[in-house]
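Peer 1: If you scroll down you'll find the structure; I have some questions about it.
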Amino acid sequence: MSMNLRFRWLALGAATALLIGGCVAQDEDVGAPSDVGAVNDAVDPAAGDVSVKIAVDKTSVSANERVVVKVTLTNESEYPIRLLSWYAPADGLEENLFEVTRAGQEVEFVGPHYKRPAPVSDDFVSLAPGKSVTREVDLTSFYDLSKTADYGIRYAIDVMQASSKEVISLQSNVVNLWIEGRATLQEKPAPDSTSSFSSSVTFSKCTTDQQSVVLQGLGAAETMANGAVTYLGGSPSGTPRYTTWFGAYSSNGWNTAKSHFTAIKGAIDSKPLNFDCGCKKRYYAYVYPNQPYNVYLCSVFWSAPVSGTDSKGGTIIHELSHFTAVAGTDDWVYGQSGAKSLAISDPSKALNNADSHEYFAENTPALQ
């Protein structure tokens with residue numbers, strides 16, 4: 132990823148009742164609920180409404196120590212505002228929220244990439260005017276800190292709000308740390324069974340019934356991937372299906388999409404896929420991009436349809452596209468509305484967006 136700020140879609144949906152300390156714990160710097168007023172009055176922040184500061188307790192970290200920064204988000208406005216809780220992480224980093232550099236070059240984010248449903252009230256925190264929330268964030272296993280060096284760290288994202296399409300920049304100061312190189316921590320599941328779908332498919336922490344459901348979803352993903360490859364193997368042109376999800380036609384863009392789906396199809400057909408059913412979070416699934424081909428299925432996956440919009444098959448397409456060995460996509464926006472808007476505003480990001488690939492493959496409603 133370039134040194135530019137990360138661009139994320141603040142998919143607010145229809146959520147209205149926002150909580151202090153819902154998914155993230157309230158700390159002493161956050162106003163008590165009585166300080167917030169009616170939580171339903173909290174609004175999306177405008178530019179300049181939120182300031183971000185980060186700090187560290189020490190300037191050097193040895194290889195056996197965690198790399199921890201303190202992040203403080205403050206409401207600088209005169210009205211209560213709302214933020215998605217993963218922008219104020221408490222129980223582990225769920226987004227690439229930091230710009231971490233070594234010798235002036237940004238290092239790789241090696242943390243998880245999630246597919247999420249539309250947010251609900253529990254996914255937000257609300258800040259009263261002048262109030263702050265402070266979190267300690269452990270970066271140790273989320274960024275490539277394998278080399279001993281001086282590192283620069285800052286909180287840096289651009290957030291596009293679904294309601295106004297306004298882009299809000301959240302940037303902190305830079306802190307400098309000398310970090311002794313360490314092995315990048317990686318969670319590797321232990322497969323416990325082999326499926327009949329293919330000798331290359333295994334499962335971890337999955338019941339027999341769950342294995343059967345996953346295989347149905349994988350079959351749908353196979354059909355979607357085959358269809359996408361066949362479609363993109365046709366005459367390149369600015370077809371509605373292509374432009375809806377990937378933006379203005381270009382031969383380079385078409386070839387990029389074609390190569391991505393060829394790799395996705397190859398992963399389904401022949402790579403050692405492992406599905407882990409142990410995640411209980413209210414997400415569809417997640418992967419670590421540098422750990423092919425482990426896919427972690429979460430609670431929303433099990434209630435999704437087998438095929439169609441935001442389906443089991445589409446989720447598998449989405450997650451496989453994240454692997455650097457496949458297409459190396461990111462999560463720039465979530466949802467069909469966000470993906471369509473991204474295709475118009477930035478086709479290059481659409482071609483790097485996992486949901487855009489999923490919706491192209493699902494093709495519902497069908498486009499020619």
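Going by this note's numbering, the first residue of the sequence shown is number 132, and it counts up by one from there. Even glycine gets a Cβ: it sits at the ideal position worked out from N, Cα and C. Quantities reported herein were computed from a predicted structural model and do not represent experimental measurements.
Could you give the DSSP three-state label for valine 187: helix, strand or coil?
Peer 2: The residue you call residue 187 lines up with position 56 of the sequence shown. Three-state DSSP puts valine 187 in coil, outside helix and strand.
Peer 1: Please state whether the Cβ-Cβ distance between tryptophan 376 and alanine 474 is less than 7 angstroms.
Peer 2: Start at 1 with the first residue of the sequence shown, and residue 376 comes out as number 245. Start at 1 with the first residue of the sequence shown, and residue 474 comes out as number 343. Yes, Cβ-Cβ distance for tryptophan 376 and alanine 474 is below 7 angstroms.
Peer 1: Please state if the CB of glutamate 230 and the CB of tryptophan 217 are separated by a distance shorter than 7 angstroms.
Peer 2: Here residue 217 corresponds to residue number 86 of the sequence shown, with the count starting at 1. Here residue 230 corresponds to residue number 99 of the sequence shown, with the count starting at 1. Not a contact, by the Cβ cut-off of 7 angstroms.
Peer 1: If you compare alpha carbons, which of Arg213, Ala234, His244, Gly235 is closest to leucine 228?
Peer 2: For the purposes of this step, residue 228 is taken as the residue at position 97 of the sequence shown. With distances taken between Cα atoms, leucine 228 lies closest to His244.
Peer 1: Going by beta carbon distance, what residues of the same chain come within less than 7 angstroms of threonine 393, once the five residues before and after it are set aside?
Peer 2: Numbered from 1 along the sequence shown, position 262 holds the residue referred to as residue 393. The answer, listed in chain order, is Val360.
Peer 1: Out of Val198, Leu214, Ala485, Lys480, which has the shortest C-alpha to C-alpha gap to serine 252?
Peer 2: By one-based count along the sequence shown, residue 252 stands at place 121. That would be Leu214, whose Cα lies nearest to the Cα of serine 252.
Peer 1: Which partner residues of glutamine 499 appear in the DSSP bridge assignment?
Peer 2: To locate residue 499, count along the sequence shown from 1; it is residue 368. For glutamine 499, which the question treats as bridged, DSSP gives no partner whatsoever.
Peer 1: Only counting the same chain, and skipping five residues up and downstream in sequence, which positions put a Cβ closer than 7 angstroms to that of alanine 156?
Peer 2: On the sequence shown, position 25 is the one that residue 156 refers to. Since pLDDT at alanine 156 reaches only 32, below the 50 mark, its modelled position is unreliable, and the value read off the structure follows with that caveat. Closer than 7 angstroms at Cβ, skipping near neighbours: Ala221.
Peer 1: For the beta strand (DSSP E) containing serine 382, list its first residue and its last residue.
Peer 2: If you number the sequence shown from 1, residue 382 lands on position 251. Run containing serine 382: none in the beta strand (DSSP E); it sits in the alpha helix (DSSP H), 382-401.
Peer 1: Count the other CB atoms, across all protein chains shown, that sit within 10 Å of the CB of arginine 197; report buried if there are 16 or more and exposed otherwise.
Peer 2: Taking the sequence shown and counting its residues from 1, the one referred to as residue 197 is at position 66. Arginine 197 should be labelled exposed.
Peer 1: Secondary structure at asparagine 357, three-state DSSP: helix, strand or coil?
Peer 2: Numbered from its first residue, the sequence shown carries residue 357 at position 226. In the structure shown, asparagine 357 sits in a helix (DSSP, three-state: H, G or I).
Peer 1: Pick from Ala259, Val298, Leu258, Arg313: whose alpha carbon is nearest that of leucine 270?
Peer 2: Start at 1 with the first residue of the sequence shown, and residue 270 comes out as number 139. Considering only alpha carbons, the answer is Arg313.
Peer 1: Can you tell which of Val268, Tyr210, Pro250, Ala234 has its C-alpha closest to the C-alpha of valine 200?
Peer 2: Position 69 of the sequence shown holds residue 200. The residue with the shortest Cα to Cα distance from valine 200 is Val268.
Peer 1: Could you tell me which of Phe491, Ile185, Val306 sits nearest to glycine 378, measuring between CA atoms?
Peer 2: Within the sequence shown, residue 378 is the residue found at index 247, counting from 1. Selected option, being the one with the closest Cα: Phe491.
Peer 1: Alpha carbons only, please: which of Thr455, Tyr286, Lys396, Ala497 is nearest the one belonging to alanine 219?
Peer 2: As a working note, residue 219 is residue 88 in the sequence shown. The shortest C-alpha separation from alanine 219 is found at Tyr286.
Peer 1: Ordered along the chain, which non-local residues of its own chain (more than five positions away) have a Cβ less than 8 angstroms from that of isoleucine 212?
Peer 2: The sequence position of residue 212 within the sequence shown is 81, counting from 1. Taken in chain order, the residues that qualify are Ala173, Val174, Asp175, Pro176, Asp180, Val181, Asn206, Ser257, Leu258.
Peer 1: Exposed or buried, aspartate 281, counting other C-beta atoms within 10 Å across all chains shown (16 or more means buried)?
Peer 2: If you number the sequence shown from 1, residue 281 lands on position 150. By the 10 Å Cβ count, aspartate 281 comes out exposed.
Peer 1: Using a 10 Å radius around the Cβ and a threshold of 16 neighbouring Cβ atoms, would you call aspartate 407 buried or exposed?
Peer 2: As a working note, residue 407 is residue 276 in the sequence shown. Looking at its Cβ environment, which holds 16 or more other Cβ atoms inside 10 Å, aspartate 407 is buried.
Peer 1: Beta-carbon separation of proline 423 and alanine 458 under 7 angstroms?
Peer 2: Counted from its first residue, the sequence shown places residue 423 at position 292. Counted from its first residue, the sequence shown places residue 458 at position 327. No, they are not a contact pair.
Peer 1: Which whole runs of the alpha helix (DSSP H) in the region 201-266 are 4 residues long or more, in chain order?
Peer 2: Counting whole runs of 4 or more residues, the region 201-266 contains no alpha helix (DSSP H) stretch at all.
Peer 1: For alanine 398, is the classification buried or exposed, using 16 other Cβ atoms within 10 angstroms of its Cβ as the cut-off for buried?
Peer 2: To locate residue 398, count along the sequence shown from 1; it is residue 267. Label assigned to alanine 398: buried.
Peer 1: Quick one: what's serine 343 bridged to in DSSP?
Peer 2: If you number the sequence shown from 1, residue 343 lands on position 212. Bridge partners of serine 343: none, in fact.
Peer 1: Across which residues does DSSP place serine 182 in a beta bridge pair?
Peer 2: Residue 182 sits at position 51 when you count from the first residue of the sequence shown. Serine 182 is bridged to Thr205.
Peer 1: For glycine 235, which option in Leu276, Val202, Gly283 has the closest C-alpha, if you only look at C-alpha atoms?
Peer 2: Sequence index remark: in the sequence shown, residue 235 carries index 104 (1-based). It is Gly283.
Peer 1: Taking the C-alpha atoms as reference points, what is the distance between arginine 413 and lysine 402?
Peer 2: Position 282 of the sequence shown, counted from the first residue, corresponds to residue 413. Position 271 of the sequence shown, counted from the first residue, corresponds to residue 402. Roughly 28 angstroms between the two C-alpha positions.
Peer 1: Do the CB positions of valine 306 and tyrosine 274 come within less than 7 angstroms of each other?
Peer 2: Within the sequence shown, the letter at position 175 stands for residue 306. Within the sequence shown, the letter at position 143 stands for residue 274. No.
Peer 1: Which one of Asp486, Leu346, Gln341 has the shortest CA to CA distance from glutamine 331?
Peer 2: Within the sequence shown, the letter at position 200 stands for residue 331. The residue you asked about is not glutamine; residue 331 is serine in the sequence shown. Nearest option by C-alpha distance: Leu346.
Peer 1: Excluding the 5 residues flanking tryptophan 309 on each side, which residues of the same chain have their C-beta closer than 6 angstroms to its C-beta?
Peer 2: Against the sequence shown, residue 309 aligns to sequence position 178. So the qualifying residues of the chain are Ser191, Asp281.
Peer 1: Return the bridge partner residues of asparagine 405 from the DSSP annotation.
Peer 2: Here residue 405 corresponds to residue number 274 of the sequence shown, with the count starting at 1. Answer is Thr333, Asn425.
Peer 1: Would you call the region 351-371 and the region 460-478 in contact, with 3 or more CB pairs under 8 angstroms?
Peer 2: Touching, no, given that fewer than three Cβ pairs across the two stretches are closer than 8 angstroms.
Peer 1: Let me check understanding here. Comparing Cα to Cα, which of Val202, Asn357, Ala178 lies closest to aspartate 188?
Peer 2: Residue 188 sits at position 57 when you count from the first residue of the sequence shown. Residue Val202 is the option with its Cα nearest to aspartate 188.
Peer 1: Do lysine 246 and tyrosine 415 count as a contact pair if the criterion is CB distance below 7 angstroms?
Peer 2: Taking the first residue of the sequence shown as position 1, residue 415 is located at position 284. Taking the first residue of the sequence shown as position 1, residue 246 is located at position 115. Yes; because the gap between Cβ atoms is below 7 angstroms, this pair is in contact.
Peer 1: Out of Leu451, Ser472, Tyr417, point me to the one whose CA is closest to proline 248's CA.
Peer 2: Residue numbering aside, residue 248 sits at position 117 when the sequence shown is read from its first letter. That would be Tyr417, whose Cα lies nearest to the Cα of proline 248.
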